[in-house]
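So the sequence shown is numbered by UniProt numbering: it starts at 2 and just counts up by one. Take a look at the structure set out below.
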Amino acid sequence: DFGNPTSAMRAGPLSGTDPALAPVHRAIRDLLYRPGHDDGCLGPLLVRLAWHCAGTYCVVSDTGGSNGGAMRFDDEANDPSNAGLETARSALDDLRHQHQLSWLSHADLYTLAGVVAIETLGGPKVKWLGGRTDYSDAREASASGSTVGRLPDASKDASHVRQVFHRMGFEDRDIVALCGAHCLGRCHADRSGFEGKWVRNPTRFSNAFFRTLKAHEWHRRSLGNGLYQFSNIAAGASQSGRGSVEELMMLPADMALLEDPAFRVWVDKYAKDKDLFFKDFADAFAKLLELGLKRDQDGRLLRASGPKASLVD
Ligand code: ZEM
2 DFGNPTSAMR AGPLSGTDPA LAPVHRAIRD LLYRPGHDDG CLGPLLVRLA WHCAGTYCVV
62 SDTGGSNGGA MRFDDEANDP SNAGLETARS ALDDLRHQHQ LSWLSHADLY TLAGVVAIET
122 LGGPKVKWLG GRTDYSDARE ASASGSTVGR LPDASKDASH VRQVFHRMGF EDRDIVALCG
182 AHCLGRCHAD RSGFEGKWVR NPTRFSNAFF RTLKAHEWHR RSLGNGLYQF SNIAAGASQS
242 GRGSVEELMM LPADMALLED PAFRVWVDKY AKDKDLFFKD FADAFAKLLE LGLKRDQDGR
302 LLRASGPKAS LVD
């Protein structure tokens with residue numbers, strides 16, 4: 002059946018090692034280095050896109066998740082949590098057009114791009130399976146109810162973080178591992194209201210988020226928009242003191258990982274053991290991208306949250 006072009010067209014690739022995906026991997030890698038973008042790299046934004054596509058999943062109602070590509074339509078596109086992600090979507094939509102990838106769903110491309118970015122920026126290989134289908138229009142996308150407001154709020158504490166990730170079906174160990182993705186990229190005042198980067202090199206996937214979290218004394222800093230974040234530089238630090246230190250930041254929700262004793266166990270382990278972090282992150286990120294997708298032994302979708310068209314009998 003694998004060799005049957007009709008079924009391949011309909012179902013898309015199943016496995017991340019499908020040879021048809023090699024040029025797609027290359028095209029995504031070529032997209033990463035963008036002189037005009039933050040730190041010259043689109044990778045962190047692509048990782049955030051994949052996470053926000055999948056992180057709307059709810060285990061109880063079996064709604065949300067990456068299947069369907071709902072962020073292409075207004076409701077999810079306009080969720081304030083998704084501010085800034087249109088840049089990532091339009092870069093991938095252009096890529097899909099240029100490389101004639103109509104056989105690959107947007108939902109597959111948005112998740113695959115995150116996986117390719119993580120690996121290219123020095124992170125672990127994440128297992129990825131295809132076969133997601135797209136909602137055909139906004140009506141279909143909103144038919145199963147809105148998922149707006151389901152992503153975590155950075156200004157909140159450990160209990161909020163647990164609540165949101167439990168809704169997806171994750172436990173403490175996965176939660177902390179997933180948050181290690183804050184080794185990549187930045188916060189933007191005009192998107193989330195927070196600003197700055199977590200680690201010194203924000204285009205290299207590593208366990209630096211955990212090492213940095215533990216390495217500094219963090220000082221609360223008000224941002225003038227009602228929000229506050231944490232800085233490695235004290236408010237009163239002299240200009241000469243500042244000169245030699247690069248300013249880094251943590252969100253209140255990042256600090257919760259340090260302050261909550263059960264989260265802290267994993268922060269300590271991942272700060273010490275990069276291989277353990279890479280393994281746990283790869284497992285948790287793969288699980289994130291599969292939320293809502295039920296497959297048979299061969300990887301074919303049996304059932305999926307999202308569009309009805311994705312049901313396979
Ligand atoms: Zn993030 N994240 N995130 N995150 N995130 C931001 C940026 C990035 C939270 C959060 O509020 C924010 C995960 C978990 C959580 C990335 C990946 C992953 C920003 C900054 C905020 C506010 C947005 C802006 O202003 O541009 C919270 C509260 C989280 C959990 C408690 C998980 C899980 C991720 C992936 C596995 C990435 C890569 C970025 C950087 C984006 C960029 O543009 O550079």
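We put the CB at the ideal spot given by N, CA and C, even for glycine. Bear in mind that the values here come from a model prediction, so they are computed numbers and not experimental data.
Within this structure, are the beta carbons of residue i and residue j separated by less than 8 angstroms?
i, j, result
"residue 292", "residue 146", "no"
"residue 303", "residue 129", "no"
"residue 60", "residue 181", "no"
"residue 148", "residue 71", "yes"
"residue 228", "residue 160", "no"
"residue 144", "residue 215", "no"
"residue 131", "residue 13", "yes"
"residue 231", "residue 142", "no"
"residue 278", "residue 127", "no"
"residue 189", "residue 41", "no"
"residue 200", "residue 105", "no"
"residue 21", "residue 125", "no"
"residue 151", "residue 57", "yes"
"residue 187", "residue 94", "no"
Near residue i, which residues of its chain fall below 6 angstroms by C-beta distance, leaving aside the five closest residues on each side in sequence?
i, result
"residue 158", "257"
"residue 166", "176"
"residue 9", "Caution is warranted here: a pLDDT of 41 is assigned to residue 9, below 50, making its placement in the model unreliable, and the coordinate value is therefore given only provisionally. Around residue 9: no qualifying Cβ."
In terms of DSSP beta bridges, what is residue i paired with?
i, result
"residue 111", "In DSSP, residue 111 forms no bridge with anything."
"residue 198", "187"
"residue 305", "294"
"residue 221", "231"
"residue 42", "34"
"residue 135", "69"
"residue 64", "59"
Identify, in the order they occur along the chain, each residue of the same chain with its Cβ nearer than 7 angstroms to the Cβ of residue i, setting aside the five sequence neighbours on each side.
i, result
"residue 32", "43, 92 and 96"
"residue 235", "220"
"residue 297", "303"
"residue 83", "53, 72 and 77"
Just checking my contact of residue i with residue j at CB under 8 angstroms: how many whole Å lie between their CB atoms?
i, j, result
"residue 185", "residue 45", "4 angstroms"
"residue 275", "residue 207", "7 angstroms"
"residue 252", "residue 233", "13 angstroms between Cβ atoms; not a contact."
"residue 162", "residue 28", "Not a contact, Cβ separation roughly 35 angstroms."
"residue 69", "residue 307", "3 angstroms"
If you measure from the CB of residue i, is any heavy atom of ligand 1 nearer than 7 angstroms?
i, result
"residue 284", "no"
"residue 193", "yes"
"residue 14", "no"
"residue 179", "yes"
"residue 139", "no"
"residue 252", "yes"
"residue 167", "no"
"residue 39", "yes"
"residue 182", "yes"
"residue 24", "no"
"residue 225", "no"
"residue 189", "yes"
"residue 49", "yes"
"residue 162", "yes"
"residue 249", "no"
Could you pull out every residue in the same chain whose Cβ sits closer than 8 angstroms to the Cβ of residue i, ignoring the five residues on either side in sequence?
i, result
"residue 265", "258 and 259"
"residue 295", "302, 303, 304 and 305"
"residue 112", "51, 54, 55, 67, 129, 133 and 290"
"residue 136", "69, 70, 71, 73, 74, 142, 307 and 308"
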